[in-house]
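Using my numbering, you'd call the opening residue of the sequence shown number 682 and step up by one each time. Written below as structure tokens is the structure these notes are about.
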Amino acid sequence: MNRRDFLKSNGLGFLSIATWGIMRRASANTEIRVAPFKTDATPPLGTPWYPSYKPLDKIEHPLLAKGVVIEDNQKRYVLCAIDWCEIINNSYYRLREMIANAIKTEPNAVFVQTVHQHTAPMSNENIYEVLAKIENPPPFPVKEAFEPSFQNIVQAVEKAITLLEPCDTIEIGSAKVEKVASSRRIIQPDGTCLTRFSS
């Protein structure tokens with residue numbers, strides 16, 4: 682199982698649990714409808730990139746935002762995962778508000794998370810504002826670099842609500858995890874343990 686497949690399976694598990702929670706609150710007379718969405722979330726070439734913050738000069742694989750819209754008799758919900766390292770502070774709140782406004786729901790019904798791979802963007806508008814005010818700041822992305830991705834996500838969610846279909850069943854599966862290596866305690870030749878703070 683490669684990293685993308687592993688993360689995909691975990692994302693589907695999260696989706697199933699979150700959707701189950703929404704459906705559990707629904708009454709027998711509640712009609713639940715769902716629709717998936719997927720869109721490009723790759724910032725433009727030239728964007729300073731985590732972790733080196735050198736300008737992005739090559740795109741090997743496009744970064745995606747994927748999710749699902751869930752609608753019941755009272756409200757719409759959005760679950761969205763982005764192939765970024767982080768989206769935090771005002772970037773996080775602003776994207777949720779943009780999505781909520783586009784489909785007439787509340788920001789607290791919009792759930793956005795990232796895959797958190799360490800070769801992907803970090804979107805944090807607050808820190809960019811701080812860096813822009815200091816003399817000779819280190820390289821950092823500008824807020825505008827993420828705007829096309831935000832707009833893509835909003836448009837994809839808007840399209841999804843035109844494709845909603847009835848849903849009355851949720852299936853959950855499990856499988857043995859194989860060929861996924863991760864250790865934060867690396868034993869050295871002399872028997873001592875080296876701690877690593879990433880998996």
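For every residue, glycine included, the Cβ atom is placed at its ideal position computed from N, Cα and C.
Report yes or no: do the stretch 793-806 and the stretch 726-737 share at least 3 C-beta pairs separated by less than 8 Å?
Output reads yes: the stretch 726-737 touches the stretch 793-806.
From which residue to which residue does the beta strand (DSSP E) around GLU752 run?
745-752 is the span of the beta strand (DSSP E), which, as asked, contains GLU752.
Mark GLY854 as exposed unless 16 or more other C-beta atoms lie within 10 angstroms of its C-beta, in which case mark it buried.
Around the beta carbon of GLY854, fewer than 16 other beta carbons sit within 10 angstroms, so the residue counts as exposed.
Coil, strand or helix - SER830 by DSSP:
Note: SER830 maps to helix in three-state DSSP.
Leaving aside the five residues before and after ILE768 along the sequence, list all residues of the same chain whose C-beta is less than 6 Å from its C-beta, in chain order.
A distance below 6 Å between beta-carbons, with the five flanking residues on each side excluded, links ILE768 to the following residues of its chain, in chain order: THR795, SER804.
C-alpha distance - VAL861 paired with HIS797, whole-angstrom precision:
Approximately 17 Å, taken between the alpha carbons.
If you follow the alpha helix (DSSP H) that ILE808 is in, where does it begin and where does it stop?
First-last of the alpha helix (DSSP H) with ILE808: 806-813.
What are the boundary residues of the beta strand (DSSP E) that includes ILE780?
Annotation for ILE780: no beta strand (DSSP E) segment contains it, though the alpha helix (DSSP H) segment containing it runs 770-783.
Three-state secondary structure (DSSP) at PHE687?
Model confidence at PHE687 stands at a pLDDT of 48, short of 50, so the residue's coordinates are unreliable; what they give is reported in the following sentence. PHE687: helix per DSSP, three-state reduction.
If I'm right that LEU844 touches ALA716 with Cβ under 8 Å, what's the distance once you round it to whole angstroms?
Rounded, the Cβ-Cβ distance is 4 Å, consistent with contact.
Identity of the residue in ASN782, TYR734, GLU828, VAL838 nearest PHE718 by Cα
Among ASN782, TYR734, GLU828, VAL838, the Cα nearest to that of PHE718 is on VAL838.
With which residues is TRP730 paired in a DSSP beta bridge?
TRP730 is bridged to LYS735.
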